[in-house]
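Visitor: Residue numbers (UniProt numbering): 1 to 285.
We put the beta carbon where it would ideally sit given N, CA and C, even for glycine.
This structure is a prediction, so every number in the text was calculated from the model and none was measured.
Before I ask anything, here is the structure I am working with.
Shown next as structure tokens:
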């Protein structure tokens, strides 16, 4: 009897939990022989929303580098085309606004034509500063429509295409457990995503689908700089945020992308319902 079946029969260890270590062994052997290396995600298909810059683009590149075919979404076609071109043949761009249900239907029809899905990184989102007296209905609705409703319906519409063992990853924020002056609406949306992570993990576990979230701290992205009014204000904002991080710097999109890869692959096969803080210690020390 092959080793995986023996382990399953005697100890209840499912074969998918072994794929990561076996893949690493095979990759090492191929490297020694001078053959092309096996990617952790060879043969898998991923969706990354909000993938035209920052965390989303870095994650799409990392997943593709490990062998996945990645569908990227974004609202700006020119930026989306540039992102796809930077990745190459393993990328397909579909212009879509996650707060628009018609756009989502069109997106998943395109993915269905390709096949099924193994990874969903629901990353699209954003926010703006607004003190409590200045919050308008439009500000509230726009932020919740993109960050919460957009994420919810992205995951909902992905469900029929998800393979057993698929991984769903949400982008929350370390702000979901901390108070933030003039950023309350954004913080509330990220707290909602933390709750959705737990609930969906409980709901989908019987299908073998894992749901986890990543809570970044301040990451050096165009979106973060864009919260300020101009270049000088942006520099002051970034310096102030870095000073509040125990590691005394901002994070890089590539550092979040490594966490996305971890949650997307078999190395995290026994994790669901979790939130990983990648914030230089800001929420912990």
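(1) If you draw a straight line from the C-alpha of residue 237 to the C-alpha of residue 244, how long is it?
(2) Contact defined as beta carbons within less than 8 Å: I believe residue 96 pairs with residue 60. What is the distance between those atoms, to the nearest angstrom?
(3) If we count the other Cβ atoms within 10 Å of its Cβ and call it buried at 16 or more, is residue 258 buried or exposed?
(4) Would residue 221 pass as a contact of residue 53 if the rule is Cβ separation under 8 Å?
(5) Kindly list the residues whose CB is nearer than 6 Å to the CB of residue 277, restricted to its own chain and excluding five residues on each side of it in sequence; keep chain order.
(6) Mind checking residue 137: buried by the 16 CB within 10 Å criterion, or exposed?
(7) Starting from residue 177, trace the beta strand (DSSP E) both ways and give me its first and last residue.
(8) How is the beta strand (DSSP E) around residue 327 delimited, first residue to last?
(9) Curious, which full-length beta strand (DSSP E) runs of at least 3 residues does the region 202-270 contain?
(10) Pick from 114, 176, 219, 201: whose alpha carbon is nearest that of residue 161?
(11) Can you have a look at residue 21 and say buried or exposed, based on whether 16 or more other CB atoms are within 10 angstroms of its CB?
(12) So residue 126 and residue 146 are in contact, right, with Cβ under 8 Å, and what is the actual spacing, rounded?
(13) Contact criterion: CB-CB distance below 8 Å. Does residue 99 meet it with respect to chain C?
(14) Which runs of the beta strand (DSSP E), 3 residues or longer, sit entirely within the region 90-135?
Guide: In this structure, then:
(1) Position 237 of the chain shown, counted from the first residue, corresponds to residue 237. Position 244 of the chain shown, counted from the first residue, corresponds to residue 244. Going by the C-alpha atoms only, they are around 11 Å apart.
(2) Within the chain shown, numbered from 1, the residue matching residue 96 stands at position 96. Within the chain shown, numbered from 1, the residue matching residue 60 stands at position 60. About 14 Å separates the two Cβ atoms, so there is no contact after all.
(3) For this step, residue 258 is matched to residue 258 along the chain shown. Exposed is the call here.
(4) Here residue 221 corresponds to residue number 221 of the chain shown, with the count starting at 1. Here residue 53 corresponds to residue number 53 of the chain shown, with the count starting at 1. In this structure, residue 53 lies closer than 8 Å to residue 221 by Cβ.
(5) By 1-based counting over the chain shown, the position of residue 277 is 277. Cβ neighbours of residue 277 beyond the five flanking positions: 174, 215, 283.
(6) Counting from 1 along the chain shown, the entry for residue 137 is found at position 137. Exposed, by the Cβ-count rule.
(7) For the purposes of this step, residue 177 is taken as residue 177 along the chain shown, with counting starting at 1. No beta strand (DSSP E) contains residue 177, which DSSP labels as neither H nor E.
(8) Absent from the model: residue 327. The displayed extent of the chain is 1 to 285, so no value can be given.
(9) 210-216
(10) For the purposes of this step, residue 161 is taken as residue 161 along the chain shown, with counting starting at 1. The shortest Cα separation from residue 161 among 114, 176, 219, 201 belongs to 114.
(11) The residue you call residue 21 lines up with position 21 of the chain shown. Residue placement at residue 21 is poorly supported in this model, since its pLDDT is 42, which falls under 50; the coordinates still yield a value, given next. Exposed: under 16 other Cβ atoms inside 10 Å.
(12) To locate residue 126, count along the chain shown from 1; it is residue 126. To locate residue 146, count along the chain shown from 1; it is residue 146. 6 Å between Cβ atoms; contact.
(13) The displayed structure is made up of one protein chain only, and chain C is not part of it.
(14) 91-95, 117-122
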